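Novice:
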Amino acid sequence: MATVESSVPATGELKIVEDATCTFCGCVCDDIDLTVENNQITKAKRACVLGKAWFLNHEIEEKPSCLIDGKPATLEQGYDRAAQILTGGKYPIVYGLSDSPCEAQRVAVSITDWIDGTIDTTTSVCHGPSGMAFQGVGEVTCSLGEVTNRGDFIMFWGSNPAESHPRHFTKYSLMPKGMFVPNGRKDRTCVIVDVRKTKSAKAADIFLQIKPRKDFEGLWTLRALAKGVELDPKVVKEETGIELAVWQDVMDRMKAAKFGVIFFGMGLTMTRGKHANSEALLALTRDMNDHTRFVAKPNRGHGNVTGADNVVSWRTGYPFGVNHNRGYPRFNPGEYTTSDTLANGEADCGMMIACDPMANFSQPAREHLASIPYIALDAKETPTTRAAAVAFTVATYGINAPGTVYRMDDVPIPLRPAFESPHPSDFDVLTNIERRVKAIKGISG
Amino acid sequence: MAEIFILIPGRTSEQGCGISEGKFLDKYQQQINSLQVAPGDMQRLGLAEGDRVRLTSCERGQQVEVTVVEAKGDELPEGLLFIAYGDISSKLMGGDTHGSGMPTSKGIDVELEVLGK
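So the sequence lines, in the order shown, correspond to chains Y and A.
With this note's numbering, letter number 195 in the first sequence gets 275, and the count goes up by one each step, no holes.
With this note's numbering, letter number 2 in the second sequence gets 6, and the count goes up by one each step, no holes.
(1) Is the CB of residue 289 (chain Y) under 9 Å away from at least one CB in chain A?
(2) Looking at chain A, is there any beta carbon in it that lies within less than 9 Å of the beta carbon of residue 361 (chain Y)?
(3) Spatial neighbours of residue 446 (chain Y) within its chain, please: C-beta separation below 6 Å, excluding the five flanking residues on both sides.
(4) Output needed in chain order: residues of the region 17 to 29 of chain A with a Cβ under 9 Å from some Cβ in chain Y.
(5) Among the candidates Y:193, Y:171 and Y:134, whose CA atom is the shortest distance from the CA of residue 521 (chain Y)?
(6) Quick one, which of Y:331, Y:475, Y:243 and Y:173 has its alpha-carbon nearest residue 416 (chain Y)'s?
(7) What residue range is occupied by the uninterrupted beta strand (DSSP E) comprising residue 236 (chain Y)?
(8) Which residues in the same chain have their Cβ closer than 8 Å to the Cβ of residue 469 (chain Y), if we skip the five residues on either side of it in sequence?
(9) With H, G and I counted as helix, E and B as strand and the rest as coil, what does DSSP make of residue 85 (chain Y)?
(10) Identify, in the order they occur along the chain, each residue of the same chain with its Cβ nearer than 6 Å to the Cβ of residue 90 (chain Y), setting aside the five sequence neighbours on each side.
(11) Would you report the Cα separation of residue 366 (chain Y) and residue 107 (chain Y), rounded to the nearest angstrom?
(12) According to a CB-to-CB cut-off of less than 7 Å, which residues of the region 126 to 138 of chain Y neighbour chain A?
(13) Work out the CA separation of residue 68 (chain A) and residue 92 (chain A) for me, nearest whole Å.
(14) Quick one: which chain Y residues come within Cβ less than 7 Å of residue 15 (chain A)?
(15) Between the C-alpha atoms of residue 464 (chain Y) and residue 202 (chain Y), what's the straight-line distance to the nearest angstrom?
(16) Using 9 Å as the threshold, is the C-beta distance between residue 322 (chain Y) and residue 298 (chain Y) below it?
(17) According to DSSP, which residues form a beta bridge with residue 61 (chain A)?
(18) Start and end of the alpha helix (DSSP H) containing residue 222 (chain Y)?
(19) Taking residue 399 (chain Y) as the reference, give the member of Y:247, Y:186 and Y:97 with the closest Cα.
(20) State buried or exposed for residue 327 (chain Y), treating a residue as buried only when at least 16 other CB atoms are found within 10 Å of its CB.
(21) Which runs of the beta strand (DSSP E), 3 residues or longer, sit entirely within the region 396 to 447 of chain Y?
(22) Residues of chain Y with CB under 9 Å from residue 66 (chain A), in chain order?
(23) Given that residue 204 (chain Y) touches chain A, what residues does it touch there, using C-beta distances under 7 Å?
(24) Smallest Cα separation from residue 372 (chain Y): which of Y:117, Y:176 and Y:232?
(25) Write down the C-beta distance between residue 217 (chain Y) and residue 253 (chain Y) rounded to the nearest angstrom, noting that I regard them as a contact closer than 8 Å.
(26) Which parts of the region 303 to 359 of chain Y are runs of the alpha helix (DSSP H), unbroken and 4 residues or longer, counting only runs that do not cross its ends?
(27) Compute the Euclidean distance between the alpha carbons of residue 31 (chain A) and residue 93 (chain Y), then round it to the nearest angstrom.
(28) Just reading off the alpha helix (DSSP H) that residue 241 (chain Y) is part of, what are its end residues?
(29) Tell me whether residue 385 (chain Y) sits in a helix, a strand or coil according to DSSP, three-state version.
(30) Check whether the region 122 to 133 of chain Y touches the region 481 to 492 of chain Y, counting contact only when three or more Cβ pairs, one atom from each stretch, lie closer than 8 Å.
(31) In the DSSP assignment, what residue or residues form a beta bridge with residue 172 (chain Y)?
(32) Which bits of chain A does residue 460 (chain Y) rub up against, with CB to CB less than 9 Å?
(33) Which of helix, strand or coil does DSSP assign to residue 460 (chain Y)?
(34) Mind listing the chain A neighbours of residue 275 (chain Y)? Cutoff is C-beta to C-beta under 7 Å, in chain order.
(35) Skipping 5 residues on each side, what residues in its chain have a beta carbon closer than 7 Å to that of residue 145 (chain Y)?
(36) Find the residues of chain A that neighbour residue 355 (chain Y), judging by a C-beta separation of less than 7 Å, and give them in chain order.
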C-alpha cells in the first residue's frame, strides 16, 4: 500500500523556486517565488490572496494514495478496479480535467475513446455556453500581453476579478504601463457591468448596475447604438434599468477607443440566455471592429480549464461534451454534457478528474452520481472523493507535479514544481488505468 | 409570509481561499452556508445577522435553510440575494440545462421565509 508515511522524503533543506506557476485561477501567474522549507511552502512572493492560500495551505494529504470503497488499497488494485468499472458500463462518462495538466488531459481523452465513452470538462458549467457562441459567431481575440500593451478601453461584464482573479487588474488589464498606454491606469477607461456592485466595481470609471437577467437586452442595446439605430429611451430604461444616455456615453467611449477589450464572466453564461448572452457579446465585439479594434476574452476560472478546451479540441475536434459511442466523436451540449448525462440518469459509470460535482452540480445530478460506480482523482478530500468507488489521492499539479497548463488567453505555460509528493500524479494514474483498459479491451500497442 | 427573491450564487475570495484550506473546514463551510441579504431587505423583514431563513426554489420546490448575513454597503440591491457557490446553491439549481449543458446557476427565483433566530 502506498502511504504517506512510507514515502515522504525527509529533507530539511531550504529551497527557493523562482518563477513558479500558480494554477489556482485562469490568470496562471508564472512569476511567483516560493520559499520551501521541509516540504512546506512558507512564502509565496507576488502571489495574490488566492495564490497565497493555494501555496501556503498546501500539505501532502496524509492518507493512502488509493481507497476502494473507502478502504485503503494498493495503487495496482485501484488501477484494476478503475479499469473494470470503466469497461463494465454501457454509458461511461469522464469529467473534470480543469485542474490537471495537459499531459494528463490527453490520456483521459484516450481512455474515453477506448471505452466509447463521453468526455466533458468543467467548461460545460463555466464558459461552455461561450464555447457554443464561439462556434456560432467567431472570436475576435488577443493575448493578455496585447491587453497590457494596447488596451485603452477595458470592460468587464458579469465578471468580478477583484475576487475571482485578484491580479487581473494589476498584472494584465488595468494598472500596467504598456507600450501604447505608457501611463497605465490613467490611459485606460474601465467600465464594469454587473447586477451587483461587486468589489471590482470600485476599480471602474463607469459602473452599470444592470437588471438581473437583462444582459442580453443590455448587449443588444449597445449593438443597436454601434449601428446608429434609434432606440426608445423609456423602453431601454425599463428593460435594462439603465438610462439610454448612459449606454450612449459608453458607446461613444467604445468608438473613441484605440484598442477595446471586453472581459466577460459567468454572470453571462450561468444566467438565463446563457449562450445567447455570450453570442450577443461576441457579436458586439465583432460589430465594434467596424469602428476601431475590439477584442473579447472570457475570464476563465480554473488553472487549466483553457488547456482542457484545447486538448479535447485537438483530440476530438470539439471542446467539451463529446460522445464516442458510435466510434467517432459527436458534440452536443445539453445531451453529452455531464450535468445532463447525470441529471437525466443516463451515465452508468464514470471517472471524475480534479473536479467536485458532488459539491457543485444540481441535486438531481448529484443524486444520480451517488448511485453509480465512479473513480475520483483529486489532491484533496472532497465530497466527490468521499462518495467514489475508487478514490486516488494525487500529487498537486504545479506544486508537486510537472506539466503544461494554458493561461486563459490560450498561452501555454510550463509548471515548475516545488517538491515531490509521495502520491502519483494524474498523469501516472491515468496512464496506468489506460494500460489496463486496453488490456481488457484486447487493444495492443 | 414568503417573499420572492432572485438568488445570485457566485465566487468570493474567502470561498476561494477556503477551497485551498479544505472543503470540510470552517472557512469554506461558513462561506457557502451564509446568505447575503441587502440592508434594506434585512430591515424590512426584521432580520438580524445570524437569523435563519428557508429558501424554496420556485422551479423545483427544493428547500434549504440557511443563516443570513447583511451585505456590505450597497453591494447588493434590494430584491437580490447572494450566496457563495456550494452545497446550498447547488440544491436550489434545477437539473435542466435547456440544451446548453449549463444549469441556470445564477438568477434563481426563490421564496424566502423568515424562521427566526
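Note that CB positions come from ideal geometry on N, CA and C, so glycine has one too.
Source: prediction; values computed, not measured.
Specialist: Taking the geometry as given:
(1) To locate residue 289 (chain Y), count along the first sequence from 1; it is residue 209. At least one chain A Cβ lies under 9 Å of residue 289 (chain Y).
(2) Numbered from its first residue, the first sequence carries residue 361 (chain Y) at position 281. By this cut-off, residue 361 (chain Y) is not an interface position.
(3) For this step, residue 446 (chain Y) is matched to residue 366 along the first sequence. Contacts found: 438.
(4) 17, 18, 19, 20, 21, 22, 23, 24, 25, 26, 27 and 28
(5) Here the question's residue 521 (chain Y) lines up with position 441 in the first sequence. Out of Y:193, Y:171 and Y:134, Y:193 has the C-alpha closest to the C-alpha of residue 521 (chain Y).
(6) Locating residue 416 (chain Y) in the first sequence gives position 336, counting from the first residue. Minimum Cα distance to residue 416 (chain Y) is reached at Y:173.
(7) Numbered from its first residue, the first sequence carries residue 236 (chain Y) at position 156. Taken as a continuous stretch (DSSP letters only), the beta strand (DSSP E) holding residue 236 (chain Y) covers 233 to 237.
(8) Within the first sequence, numbered from 1, the residue matching residue 469 (chain Y) stands at position 389. Once the five neighbours on either side are set aside, the close Cβ partners of residue 469 (chain Y) are 148, 149, 161, 165, 453, 454 and 455.
(9) Residue 85 (chain Y) sits at position 5 when you count from the first residue of the first sequence. Model confidence at residue 85 (chain Y) stands at a pLDDT of 37, short of 50, so the residue's coordinates are unreliable; what they give is reported in the following sentence. Residue 85 (chain Y): helix per DSSP, three-state reduction.
(10) Stepping through the first sequence from its first residue, residue 90 (chain Y) is reached at position 10. With a pLDDT of only 49 at residue 90 (chain Y), under the threshold of 50, the placement of this residue in the model should not be trusted; the figure read from the coordinates follows. Closer than 6 Å at Cβ, skipping near neighbours: no residue.
(11) In the first sequence, counting from the first residue as 1, residue 366 (chain Y) sits at position 286. In the first sequence, counting from the first residue as 1, residue 107 (chain Y) sits at position 27. Cα to Cα, residue 366 (chain Y) sits roughly 24 Å from residue 107 (chain Y).
(12) 129, 130, 133, 134 and 137
(13) If you number the second sequence from 1, residue 92 (chain A) lands on position 88. If you number the second sequence from 1, residue 68 (chain A) lands on position 64. C-alpha separation (whole angstroms): 7 Å.
(14) One-based indexing of the second sequence puts residue 15 (chain A) at position 11. Those within 7 Å of residue 15 (chain A) in chain Y are 240, 243 and 244.
(15) In the first sequence, counting from the first residue as 1, residue 464 (chain Y) sits at position 384. In the first sequence, counting from the first residue as 1, residue 202 (chain Y) sits at position 122. Near 14 Å, if we compare the C-alpha coordinates of residue 202 (chain Y) and residue 464 (chain Y).
(16) Numbered from 1 along the first sequence, position 242 holds the residue referred to as residue 322 (chain Y). Numbered from 1 along the first sequence, position 218 holds the residue referred to as residue 298 (chain Y). Yes, Cβ-Cβ distance for residue 322 (chain Y) and residue 298 (chain Y) is below 9 Å.
(17) Counting from 1 along the second sequence, the entry for residue 61 (chain A) is found at position 57. As DSSP reads the structure, residue 61 (chain A) sits in a beta bridge with A:114.
(18) The sequence position of residue 222 (chain Y) within the first sequence is 142, counting from 1. Neither: residue 222 (chain Y) is in no alpha helix (DSSP H) and is coded neither H nor E.
(19) Mapped onto the first sequence, residue 399 (chain Y) falls at position 319. When each option's Cα is compared against that of residue 399 (chain Y), the closest is Y:186.
(20) Counting from 1 along the first sequence, the entry for residue 327 (chain Y) is found at position 247. Buried.
(21) 429 to 433
(22) On the second sequence, residue 66 (chain A) is found 62 positions in, with the first residue counted as 1. 443, listed in chain order.
(23) The sequence position of residue 204 (chain Y) within the first sequence is 124, counting from 1. 105 and 106, listed in chain order.
(24) As a working mapping, residue 372 (chain Y) is identified with position 292 in the first sequence. Comparing Cα-Cα distances from residue 372 (chain Y) to each of Y:117, Y:176 and Y:232, the minimum goes to Y:232.
(25) Along the first sequence, one-based indexing puts residue 217 (chain Y) at 137. Along the first sequence, one-based indexing puts residue 253 (chain Y) at 173. Between residue 253 (chain Y) and residue 217 (chain Y) the Cβ distance is about 22 Å, and since that is not below 8 Å, they are no contact.
(26) 313 to 320, 324 to 336 and 346 to 349
(27) Here residue 31 (chain A) corresponds to residue number 27 of the second sequence, with the count starting at 1. Here residue 93 (chain Y) corresponds to residue number 13 of the first sequence, with the count starting at 1. Rounded to the nearest angstrom, the two C-alpha atoms are 32 Å apart.
(28) Position 161 of the first sequence, counting from 1, holds the residue named residue 241 (chain Y). Counting along the chain, the alpha helix (DSSP H) containing residue 241 (chain Y) begins and ends at 241 to 244.
(29) Working through the first sequence from its first residue, we reach residue 385 (chain Y) at position 305. In the structure shown, residue 385 (chain Y) sits in a helix (DSSP, three-state: H, G or I).
(30) no
(31) Reading the first sequence from its first residue, position 92 is the one you call residue 172 (chain Y). In DSSP, residue 172 (chain Y) forms a bridge with Y:429.
(32) Along the first sequence, one-based indexing puts residue 460 (chain Y) at 380. Residues of chain A whose Cβ lies closer than 9 Å to the Cβ of residue 460 (chain Y) are, in chain order, 23, 24, 26 and 27.
(33) For this step, residue 460 (chain Y) is matched to residue 380 along the first sequence. Residue state, collapsed to three classes: coil.
(34) Mapped onto the first sequence, residue 275 (chain Y) falls at position 195. Ordered by position in chain A, the residues that pass the 7 Å Cβ test against residue 275 (chain Y) are 12 and 84.
(35) Sequence index remark: in the first sequence, residue 145 (chain Y) carries index 65 (1-based). 82, 155, 472, 473, 503 and 504, listed in sequence order.
(36) Mapped onto the first sequence, residue 355 (chain Y) falls at position 275. From the beta-carbon of residue 355 (chain Y), the residues of chain A found nearer than 7 Å are 104.
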